[in-house]
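A.B. asks:
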Amino acid sequence: MLKVYLMQFINHYASIFYIAFVKGKFAGYPGNYNRIFGSRQEECSPPGGCLLELSVQLPIIMIGRQAMNAVIEVIFPLVWKHIRLLMIPETRRKMYSQWPRWAEDFRLIDLNRRELFAEYLEMILQYGFVTIFVSSFPLAPLFALVNNVFETRLEAKKFLTYYRRPVTYRVEEHRNLA
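Oh and the sequence shown: position 89 is 89 in UniProt numbering, straight run, nothing missing.
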């Protein structure tokens, strides 16, 4: 899981770190620009440096990924539920509508630990956007708050209506959490 977190960290923050800390530092000067792999290093405009570009890039990445994740979290369980329903023959579908509630609950999507890890990973990455780059995008905490309010309702609906209740499991011993 550490590898997944590191790869997601790199995917989310690489372009932003590049704009904030690398771009414009090694550009050279007119007539003698530095080149890497045959491409000229770009420089940032003098009035604001790279802060303006960073201020545009950050909301696009932060808000765009939050919106995309929300849409995926809504659509995926619905599609999965309809696919599972279509796999049942028509004669048995009528029979399933008369089953008790516990039997209908058993047919819900099984919840595995990876899905909870993905939810925590999304929150950790959002916290990174809010804390690391708040000076270049001051509205990041507001958008994070709006996203979290919306996400709370979305997650509640998803876990209560689309997923099966998780089965508890025993551990060998109680370990210290520190």
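A virtual CB, placed ideally from N, CA and C, is assigned to each residue, including glycine. Computed from a predicted model, the values in this text were never measured in an experiment.
1. By how many angstroms is the C-alpha of L54 removed from the C-alpha of P100?
2. Indicate whether L58 and F137 have their beta-carbon atoms separated by less than 7 Å.
3. Taking 8 Å as the threshold, find out whether the stretch 105–114 comes into contact with the stretch 162–172 through three or more Cβ pairs.
4. Under three-state DSSP, which class holds G49?
5. Measuring CB to CB, does V130 end up less than 7 Å from A140?
6. Just verifying my parser: in three-state terms, what is the DSSP assignment at Y169?
7. For Q126 versus A103, is the C-beta spacing smaller than 7 Å?
8. Output the distance between the C-alpha atoms of residue 222 and V22, rounded to the nearest integer angstrom.
9. What first and last residue would you give for the alpha helix (DSSP H) that runs through E43?
C.D. replies: Considering the structure as presented:
1. Here residue 100 refers to the residue found at position 100 when the sequence shown is read from its first residue. Here residue 54 refers to the residue found at position 54 when the sequence shown is read from its first residue. C-alpha separation (whole angstroms): 55 Å.
2. Residue mapping note: residue 58 aligns to position 58 of the sequence shown, counting from 1. Residue mapping note: residue 137 aligns to position 137 of the sequence shown, counting from 1. Against a cut-off of 7 Å, the Cβ pair of F137 and L58 comes out as a contact.
3. yes
4. Within the sequence shown, the letter at position 49 stands for residue 49. DSSP places G49 in strand when its eight states are reduced to three.
5. By one-based count along the sequence shown, residue 130 stands at place 130. By one-based count along the sequence shown, residue 140 stands at place 140. Yes, the Cβ-Cβ distance between V130 and A140 is below 7 Å.
6. Here residue 169 is taken as the residue at index 169 of the sequence shown, counted from 1. Here Y169 sits in coil by DSSP.
7. Position 126 of the sequence shown holds residue 126. Position 103 of the sequence shown holds residue 103. The answer is no: Cβ separation not under 7 Å.
8. Since the displayed the chain opens at 1 and closes at 178, residue 222 lies outside it and no answer follows.
9. For the purposes of this step, residue 43 is identified with residue 43 of the sequence shown, where counting begins at 1. Run containing E43: none; DSSP gives neither H nor E here.
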